[in-house]
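The sequence shown begins at 0 in numbering that gives the first Met the number 0 and counts up by one. All C-beta atoms, glycine included, are put in the ideal place defined by N, C-alpha and C. Bear in mind that the values here come from a model prediction, so they are computed numbers and not experimental data. Report on the following structure.
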Amino acid sequence: MSGKFIVIEGLEGAGKSTAISAVTQWLNDKGIAFSQTREPGGTALAEELRTLVKQVRDDEKVTAEAELLIMYAARVQLIDNVIKPELNKGNWVIGDRHDLSSRAYQGGGRGISDELIEPVRNAVLKGFKPELTLYLDIDPKIGLARARARGELDRIELEELTFFENTRAKYQQIASQDESIVSINAMQTIDEVARDIRKALDDFYQCMS
Ligand code: T5A
Numbered sequence: 000m001s002g003k004f005i006v007i008e009g010l011e012g013a014g015k016s017t018a019i020s021a022v023t024q025w026l027n028d029k030g031i032a033f034s035q036t037r038e039p040g041g042t043a044l045a046e047e048l049r050t051l052v053k054q055v056r057d058d059e060k061v062t063a064e065a066e067l068l069i070m071y072a073a074r075v076q077l078i079d080n081v082i083k084p085e086l087n088k089g090n091w092v093i094g095d096r097h098d099l100s101s102r103a104y105q106g107g108g109r110g111i112s113d114e115l116i117e118p119v120r121n122a123v124l125k126g127f128k129p130e131l132t133l134y135l136d137i138d139p140k141i142g143l144a145r146a147r148a149r150g151e152l153d154r155i156e157l158e159e160l161t162f163f164e165n166t167r168a169k170y171q172q173i174a175s176q177d178e179s180i181v182s183i184n185a186m187q188t189i190d191e192v193a194r195d196i197r198k199a200l201d202d203f204y205q206c207m208s
């Protein structure tokens, strides 16, 4: 595999869409061929799983474990059918969320133990991981206000503030222990966030060559 897998992560309203635009511009400037994915989603089946897991439902409670397994079912479809084939062609892949989301939302937010998450992760990922993750760190109060201003909220976005605070704490904890994750202050202006993203990409590119 010669392409690189770069992932954008963060809470709702952190500005992932805006960050992806900065990454695509940087890749275009470098003349690097790439494709984009999102999680959950990115294949026909995974998009159906995305709809299922995000929709608000009154008929039954979605258990934390079911939520976790749906995320990983969607992920394995995407990795095997899209991400790895693209990387094998030499293309870079930009991911709107990946495995770190499950560790943060289901591990931190839902409180699922590593004893359950780790075997599932290992079975699905088999050691596969992004070369670079740009984690957009934001106070959930600010992120949720941005998300609310944009429109209707989905099932996960309707969670209590403590859920997002726990998710953020897990993101920060994992980011502090993994050198392939770069934390970016997403509470700055859009231009400042884009500047930090370009710097992280330049540093990454320099380390590669
Ligand atoms: N999930 C996902 C899990 O629980 N486990 C998993 O394993 C996975 C993969 C996915 C949901 O599923 C959960 C997480 C999510 O709840 P999603 O749509 O992919 O849903 O993710 P969301 O976080 O819901 O996406 P959002 O669109 O809300 O967030 P973005 O993309 O970060 O926000 P964005 O870029 O659209 O920005 C939101 C608004 O803020 C403004 C933008 O203009 C926009 O209006 N904005 C700024 N404003 C001021 N200053 C800045 N710096 C700004 N940056 C952006």
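Taking Cβ to Cβ, would you say TYR71 is nearer than 8 Å to SER101? yes
According to the neighbour-count rule (16 or more other Cβ atoms, all chains shown, within 10 Å of its Cβ), is ALA174 buried or exposed? buried
Secondary structure at ASN27, three-state DSSP: helix, strand or coil? helix
Nonlocal neighbours in the same chain, by C-beta distance under 6 Å from ALA32, ignoring five residues either side: ASN90
Would you say the beta carbon of SER101 comes nearer than 7 Å to a heavy atom of the ligand T5A? yes
Got a sec, what are the start and stop residues for the alpha helix (DSSP H) ASN184 sits in? Note, ASN184: premise wrong, no alpha helix (DSSP H); beta strand (DSSP E) at 180 to 184.
From this set, GLN105, LEU143, GLU158 and THR188, which residue's C-alpha is nearest ALA63's C-alpha? GLN105
On a CA-only basis, which of GLY110, ARG37 and ASP58 is nearest GLN76? Give me that one, please. ARG37
What is the DSSP secondary structure of GLN205, reduced to helix, strand or coil? helix
List the residues that DSSP assigns as beta-bridge partners of GLY150. Its beta-bridge partners do not exist; DSSP assigns none.
Assuming ALA18 and GLY142 are in contact, meaning their beta carbons sit under 8 Å apart, how far apart are those beta carbons, in whole angstroms? Actually they are not in contact, since the Cβ atoms of ALA18 and GLY142 sit about 13 Å apart, beyond 8 Å.
Compute the distance between the beta-carbons of PRO139 and GLU164, then report whether it is under 8 Å. yes
Helix, strand or coil: which one does DSSP assign to ASP177? coil
Nearest-angstrom Cβ-Cβ length linking ALA103 and TYR170, presumed shorter than 8 Å: 4 Å
Would you report the Cα separation of LYS88 and THR161, rounded to the nearest angstrom? 42 Å
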